[in-house]
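Enquirer: So the mapping is simple: this note's numbering equals the position in the sequence shown, first residue as 1, plus 106. Where is the CB? At the ideal position from N, CA and C, for every residue including glycine. Just so you know, these numbers come straight off a predicted model, no measurement behind them. Handing you this structure, nothing more for now.
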Amino acid sequence: MAGQRHKPFTMSQELVGRVVSLHLHPAKPGMPLKPVDFIDVVAGKGIEGEPRYFGRISQATGQPSRRQLSLIEREQIAAHAASLGLETIHPGAVRANIETLMAQLVKSGRIRVNDPIKLAKNVRPA
């Protein structure tokens with residue numbers, strides 16, 4: 107967590123992370139996220155079945171939003187919980203579509219709970 111140092115890796119190395127929970131946003135804003143076993147992700151559009159699937163318009167630009175899904179590492183959630191004096195923050199409570207252990211954003215494909223995810227160096231967050 108905070109202050110913890112990790113051994114650097116080279117471009118030839120790969121790390122494998124894991125999806126630990128998946129969630130869909132409800133049709134009505136403010137309602138709890140729905141936990142699911144898998145999601146279908148489409149590059150440039152988002153998550154099939156999501157109310158925000160390629161239809162959310164940016165108020166700033168008037169164009170479709172570039173953010174198609176949200177992802178957060180459980181390690182980051184645990185760090186936030188600790189800083190707030192909480193034992194845990196439950197899956198889905200941070201309203202992210204994908205919660206992972208040691209993983210970064212996937213651009214397209216089907217994602218299931220416990221799936222391995224290939225990590226690449228220099229991946230930019232969406």
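Where Ala188 and Gly198 are concerned, what is the direct C-alpha to C-alpha distance, given to the nearest angstrom?
Expert: Within the sequence shown, numbered from 1, the residue matching residue 188 stands at position 82. Within the sequence shown, numbered from 1, the residue matching residue 198 stands at position 92. Roughly 17 angstroms between the two C-alpha positions.
Enquirer: Taking 8 angstroms as the threshold (C-beta atoms), are Leu128 and Leu178 in contact?
Expert: As a first step, residue 178 must be located in the sequence shown, where it is residue number 72. As a first step, residue 128 must be located in the sequence shown, where it is residue number 22. Here residue 178 is Ile; the residue named in the question, Leu, does not match the sequence. Contact flag unset, no.
Enquirer: Spatial neighbours of Glu154 within its chain, please: CB distance less than 7 angstroms, with the 5 preceding and 5 following residues excluded, ordered by chain position.
Expert: As a working mapping, residue 154 is identified with position 48 in the sequence shown. Asp146 and Val148, listed in sequence order.
Enquirer: What are the start and end residues of the beta strand (DSSP E) that includes Glu179?
Expert: Here the question's residue 179 lines up with position 73 in the sequence shown. Taken as a continuous stretch (DSSP letters only), the beta strand (DSSP E) holding Glu179 covers Leu177 to Glu179.
Enquirer: Sorted by chain position, which residues of the same chain lie with C-beta nearer than 7 angstroms to Arg180's C-beta, five sequence neighbours on each side aside?
Expert: Indexing the sequence shown from 1 puts residue 180 at position 74. Counting only Cβ-Cβ distances below 7 angstroms, and skipping sequence neighbours, we find Val126, Glu205, Thr206 and Leu207.
Enquirer: Please report the distance separating the alpha-carbon of Pro138 from that of Val200.
Expert: Reading the sequence shown from its first residue, position 32 is the one you call residue 138. Reading the sequence shown from its first residue, position 94 is the one you call residue 200. In a straight line, the C-alpha of Pro138 is about 10 angstroms away from that of Val200.
Enquirer: Which two residues bound the contiguous beta strand (DSSP E) that contains Leu207?
Expert: Position 101 of the sequence shown, counting from 1, holds the residue named residue 207. Its beta strand (DSSP E) spans residues Ile204 to Leu207.
Enquirer: With a CB to CB cut of under 8 angstroms and the five nearest residues on each side skipped, what residues in its chain are close to Leu130?
Expert: Within the sequence shown, residue 130 is the residue found at index 24, counting from 1. Within the same chain, Leu130 has close Cβ partners Leu139, Lys140, Val142, Ile145, Ile153, Gly155, Glu156 and Asn203.
Enquirer: Which class does Arg186 belong to by DSSP, given the choice of helix, strand or coil?
Expert: Looking up residue 186 in the sequence shown gives position 80. Correcting the residue identity first, residue 186 is His in this sequence and not Arg. Helix.
Enquirer: Looking at the secondary structure, which residues open and close the beta strand (DSSP E) in which Ile145 lies?
Expert: Indexing the sequence shown from 1 puts residue 145 at position 39. Ile145 -> beta strand (DSSP E) spans Phe144 to Val148.
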